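Inspection log for the structure reproduced underneath, given as structure tokens.
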Amino acid sequence: MDDLLHFEDFTPGRVFELGSREVTTEDIVAFGRVYDPLPFHTDPDAPADGPYGGLIASGRHSALIWMRLYVDAVLSRSAGMGSPGLEEIKWHRPVRPGDVLHGRVTVLEATPSATRPGRGTVRIQGEVVNQEGEVATSVRGRTFFARRGA
Amino acid sequence: MTELLYFEDFPEGHVTDLGTWTPTAEEIVAFAREWDPQPFHLDEEAARRGPFGGLVASGWHGICVWGRLYVDGVHGRAASMGGGAMEDIRFLKPIRPGMALHAEVRVLEATPSQSRPERGTSYWRGTFVDDEGDEVLVLHGRAFFRRRS
């Protein structure tokens with residue numbers, strides 16, 4: 484179990500590169516139909532002269548792509564204990580079919596819990612960057628991790 | 069056809085009932101497999117030994133379902149001009165299978181745009197509240213609506 488990432492491994496300034504995922508028309512439409520049924524998230528033929536210039540991913544979809552990359556690269560090999568919430572989800576640029584999103588997490592702060600000695604809170608800044616190197620979506624939030632040896 | 073709603077229909081303090089969500093274990097697991105595959109969202113057995121003592125939904129699942137209810141109840145019925153960031157999102161109580169979660173959205177501020185007279189900004193607070201009256205999920209955001217002209 485010692486190879487799991489614990490609270491002590493999340494030192495402020497540490498950056499985790501999370502890998503990449505391509506976003507397809509099918510992905511965008513499938514998510515949009517269930518969670519964000521607006522025409523520019525569900526119609527593969529959304530007109531280029533319409534709002535947002537055609538089909539774009541739901542903002543929650545692009546944020547979830549970041550979350551899945553964070554789980555696969557970090558949380559799944561960690562002693563993660565959930566999250567109290569998110570400070571902010573920001574949408575900087577639309578995500579369109581064929582975009583390749585690369586995920587990243589930067590540790591902002593790490594605070595041992597005052598009341599629960601076995602854990603600590605890590606404040607992180609996450610983002611997905613598109614193939615042009617532009618930040619598409621950013622997420623700032625907190626994750627609880629068990630302390631090593633707890 | 070229902071009448072379209074405008075900025076003026078969402079004054080400060082206005083509350084919209086968005087309906088109820090009762091998550092099943094199956095949908096909690098299905099969502100988690102796709103987006104948030106952590107043991108306490110995936111498997112009742114593994115979750116029992118985890119930090120929540122049982123299966124709980126991903127907080128993101130709550131955000132996504134609340135968002136769908138918001139689209140159905142407000143966004144999709146209004147002269148909407150998009151939305152801004154979401155902020156101050158709190159996972160206050162774990163979401164467990166079978167809970168009845170009542171969704172609503174309250175307008176905290178309604179501000180006509182200075183630079184674009186055709187629109188206004190609504191700053192809102194969204195909630196899921198359980199049968200005990202406790203807030204389970206709280207989130208905030210901005211929506212832009214066309215003004216009635």
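The listed protein sequences derive, respectively, from chains A and B.
So in the numbering used here, the last one in the first sequence is 633, and the numbering has no gaps at all.
So in the numbering used here, the last one in the second sequence is 217, and the numbering has no gaps at all.
Every residue gets a Cβ at the ideal spot worked out from N, C-alpha and C, and that includes glycine.
Computed from a predicted model, the values in this text were never measured in an experiment.
Can you look up residue i in the DSSP assignment and give me helix, strand or coil?
{"i": "Arg516 of chain A", "result": "helix"}
{"i": "His585 of chain A", "result": "strand"}
{"i": "Thr463 of chain A", "result": "It is not possible to answer for residue 463 of chain A, since the shown part of chain A is limited to 484 through 633."}
{"i": "His82 of chain B", "result": "coil"}
{"i": "Ile163 of chain B", "result": "coil"}
{"i": "Gly150 of chain B", "result": "strand"}
{"i": "Thr626 of chain A", "result": "strand"}
{"i": "Ala178 of chain B", "result": "strand"}
{"i": "Arg145 of chain B", "result": "helix"}
{"i": "Ala168 of chain B", "result": "coil"}
{"i": "Ile157 of chain B", "result": "strand"}
{"i": "Pro107 of chain B", "result": "helix"}
{"i": "Glu617 of chain A", "result": "coil"}
{"i": "Ser561 of chain A", "result": "strand"}
{"i": "Thr594 of chain A", "result": "strand"}
{"i": "Gly87 of chain B", "result": "strand"}
{"i": "Gly536 of chain A", "result": "helix"}
{"i": "Glu509 of chain A", "result": "helix"}
{"i": "Glu491 of chain A", "result": "helix"}
{"i": "Glu71 of chain B", "result": "coil"}
Along chain B, in chain order, which residues have C-beta atoms closer than 7 Å to that of residue i?
{"i": "Val590 of chain A", "result": "None at all; the shortest Cβ gap to chain B is about 19 Å."}
{"i": "Arg543 of chain A", "result": "Ile131, Cys132, Gly135"}
Could you tell me the boundaries of the alpha helix (DSSP H) in which residue i lies?
{"i": "Gly188 of chain B", "result": "Counting along the chain, Gly188 of chain B falls outside any alpha helix (DSSP H), though it belongs to the beta strand (DSSP E) covering 187 to 197."}
{"i": "Phe99 of chain B", "result": "93 to 103"}
{"i": "His544 of chain A", "result": "542 to 556"}
{"i": "Val139 of chain B", "result": "127 to 141"}
{"i": "Phe523 of chain A", "result": "522 to 525"}
{"i": "Leu569 of chain A", "result": "Segment 568 to 574 is the beta strand (DSSP E) holding Leu569 of chain A; no alpha helix (DSSP H) there."}
{"i": "Ala529 of chain A", "result": "From DSSP, Ala529 of chain A is part of no alpha helix (DSSP H); its letter is neither H nor E."}
{"i": "Glu112 of chain B", "result": "112 to 116"}
By the criterion of Cβ-Cβ separation under 7 Å, what are the contact partners of residue i in chain A?
{"i": "Val139 of chain B", "result": "Asp519, Pro520, Leu521"}
{"i": "Gly188 of chain B", "result": "Here the premise fails: no neighbours, minimum Cβ distance about 18 Å."}
Taking 8 Å as the CB-CB cut-off, is residue i touching chain A?
{"i": "Asp111 of chain B", "result": "no"}
{"i": "Glu95 of chain B", "result": "no"}
{"i": "Gly135 of chain B", "result": "yes"}
{"i": "Asp77 of chain B", "result": "no"}
{"i": "Ile131 of chain B", "result": "yes"}
{"i": "Pro91 of chain B", "result": "no"}
{"i": "Trp192 of chain B", "result": "no"}
{"i": "Gly127 of chain B", "result": "yes"}
Hey, is residue i close to the ligand ADP, as in C-beta under 7 Å from one of its heavy atoms?
{"i": "Ala98 of chain B", "result": "Among the components modelled here there is no ligand, and therefore nothing to report on the ligand ADP."}
Taking residue i as the query, report the chain B residues whose CB atoms sit under 9 Å from its CB, ordered along the chain.
{"i": "Glu571 of chain A", "result": "Ala153, Met154, Glu155, Asp156, Ile157"}
For a contact meaning CB atoms closer than 9 Å, what does residue i contact in chain A?
{"i": "Trp103 of chain B", "result": "Leu547, Ile548, Met550, Arg551, Val554"}
{"i": "Gly144 of chain B", "result": "Pro520, Leu521"}
{"i": "Pro185 of chain B", "result": "Going along chain A, no residue has its Cβ under 9 Å from Pro185 of chain B, so there is no contact; the nearest lies around 19 Å."}
{"i": "Gln106 of chain B", "result": "Val554, Leu558, Ser559, Gly563, Gly565"}
Would you say residue i lies against chain B (beta-carbon separation less than 8 Å)?
{"i": "Pro580 of chain A", "result": "no"}
{"i": "Ser503 of chain A", "result": "no"}
{"i": "Gly568 of chain A", "result": "yes"}
In the DSSP assignment, the beta strand (DSSP E) including residue i goes from what residue to what residue?
{"i": "Glu505 of chain A", "result": "498 to 505"}
{"i": "Arg210 of chain B", "result": "203 to 214"}
So which residues of chain A does residue i contact, with C-beta pairs closer than 8 Å?
{"i": "Pro119 of chain B", "result": "Met564, Gly565, Phe627"}
Legend entry - Contact between the region 80 to 88 of chain B and the region 166 to 186 of chain B (3+ Cβ pairs under 8 Å): yes
Legend entry - At least three beta-carbon pairs within less than 8 Å, the region 130 to 139 of chain B to the region 516 to 533 of chain A: yes
Legend entry - Inter-stretch contact (C-beta, 8 Å, three-pair minimum) for the region 608 to 621 of chain A and the region 566 to 578 of chain A: yes
Inset, instruction - Tell me, please, whether the region 583 to 591 of chain A touches the region 484 to 496 of chain A by the rule of three or more beta-carbon pairs shorter than 8 Å. - result: yes
Inset, instruction - Flag this pair as touching only if the region 69 to 79 of chain B and the region 183 to 195 of chain B have three or more C-beta atom pairs under 8 Å; answer yes or no. - result: yes
Inset, instruction - Indicate whether the contact test is met: 3 or more Cβ pairs, each with one atom in the region 150 to 164 of chain B and one in the region 193 to 209 of chain B, closer than 8 Å. - result: yes
Legend entry - Inter-stretch contact (C-beta, 8 Å, three-pair minimum) for the region 603 to 617 of chain A and the region 625 to 633 of chain A: yes
Inset, instruction - Report yes or no: do the region 104 to 111 of chain B and the region 174 to 186 of chain B share at least 3 C-beta pairs separated by less than 8 Å? - result: no
Legend entry - At least three beta-carbon pairs within less than 8 Å, the region 109 to 129 of chain B to the region 523 to 532 of chain A: no
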